[in-house]
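Engineer: The structure is given below, and queries will be raised subsequently.
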Amino acid sequence: MGHREVQIIPIVVGSLGAWDVTNDQFLKIVATKSYLALLRKLCVSDSIRWSRDIYTEHMTGHRQYGNEARDSVPQDNLMDRVPVKNPNRLTEDEIRAMVQAICDEPEDENEVGRSDTSDDELIQESDHDTESEQELSVEIEEEIEKESEITEEYFLGKDKTTTWNKIPPTSKYTKISKKNIVKIFPGLKSCAKYITDEKSAFKMFFTNDIIQNIVECTNMEIEKLRVNYDRPRDAKNTTTNEKCWLL
């Protein structure tokens, strides 16, 4: 049997680079006791450090598929097939040889046939409405496409709220300037443009309502002081015209 090149699932092993194995080969590696021993030794080795994510992913896969794969894969000793000088301190070449030896194992055709028959036996009739399920899946796909189209139109900030348009707004009739041009015209603006003299300027600050309040409050004070005078003309009430002339 010739040397097979492994591919599909990447296994990153520290400084050793990357190996790729197929799905069936990955189950064989996970179900083999020698692989678990190799994995533990790699994790505690000083010269080679495994990524925590890769280690967790492999151990999770072993718990999920290990029992089923272990029943169909012979529990051989990998150390007998690959010469190792020191099992407690594996070299890079020894680790490569161990993984490659597992990947080069021939596939069992009986396992494939047995898995096909087991899948056929588990087929049961379903009472669910397939049309409703298809409609639901189509709606979900449409929503995902809409969200992807919306997100492609702008950049999203770190606060998940601020957005920036990827393409600036354009018009076929106007040309966008590279700088913000702010024009400030001379003269008065808004309601101030109706001021023509001092009287109109005074009316802008003191309206008729304000002047009326001033007159009423002034007359209240005059009523309090009127008892101090013998003649009424000495403490007469003020009027709006008088107050406007005074101001």
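Mapping the sequence shown onto the UniProt record's numbering, position 121 (from 1) lands on 121, and the numbers just tick up by one. Beta carbons are placed, not taken as given, at the ideal position from N, Cα and C, and that holds for glycine.
#1: What is the DSSP secondary structure of F155, counted as helix, strand or coil?
#2: Measure the alpha-carbon distance for N241 versus I214 and round it to whole angstroms.
#3: Counting pairs of Cβ atoms below 8 Å between the stretch 208 to 228 and the stretch 177 to 197, do you hit three or more?
#4: Tell me where the beta strand (DSSP E) around N165 begins and ends.
#5: Report the rounded CA-to-CA distance for I211 versus C244, giving the unit in angstroms.
#6: In the structure shown, what three-state DSSP assignment does V99 receive?
#7: Please report the residue range of the alpha helix (DSSP H) in which N228 lies.
#8: Hey, how far is the Cα of D234 from the Cα of M220?
#9: With 16 other CB atoms within 10 Å as the buried threshold, where does I222 fall?
#10: Taking the alpha-carbon positions, what's the D209 to K203 distance?
#11: In terms of residues, what are the limits of the alpha helix (DSSP H) holding A201?
#12: In this structure, how does DSSP classify N86 when only helix, strand and coil are distinguished?
#13: Would L92 pass as a contact of V84 if the rule is Cβ separation under 7 Å?
#14: What are the boundary residues of the alpha helix (DSSP H) that N241 is part of?
#15: Suppose the cutoff is 8 Å on Cβ atoms and the five residues either side in sequence are ignored; what does the same chain contact list for T163 look like?
#16: Got a sec: is the Cβ-Cβ distance from E141 to anything in chain C below 7 Å?
#17: If you draw a straight line from the alpha carbon of K160 to that of I184, how long is it in whole angstroms?
#18: Around the Cβ of I167, are there at least 16 other Cβ atoms within 10 angstroms (buried) or fewer (exposed)?
#19: Can you tell me whether residue 257 is buried or exposed, with buried defined as 16 or more other CB within 10 angstroms of its CB?
#20: What's the call for I102, buried or exposed, on a 16-neighbour Cβ count within 10 Å?
Structural biologist: Answer, in terms of the structure:
#1: strand
#2: 12 Å
#3: no
#4: T163 to N165
#5: 7 Å
#6: helix
#7: Neither: N228 is in no alpha helix (DSSP H) and is coded neither H nor E.
#8: 15 Å
#9: exposed
#10: 11 Å
#11: E198 to F205
#12: coil
#13: For the sequence presented, residue 92 should be read as Glu rather than Leu. No, the Cβ-Cβ distance between E92 and V84 is not below 7 Å.
#14: T240 to L246
#15: Y154, F155, L156 and G157
#16: This model lacks chain C altogether; it includes just one protein chain.
#17: 37 Å
#18: exposed
#19: Outside the shown range of the chain, which is 1 to 247, sits residue 257, and nothing can be said about it.
#20: buried
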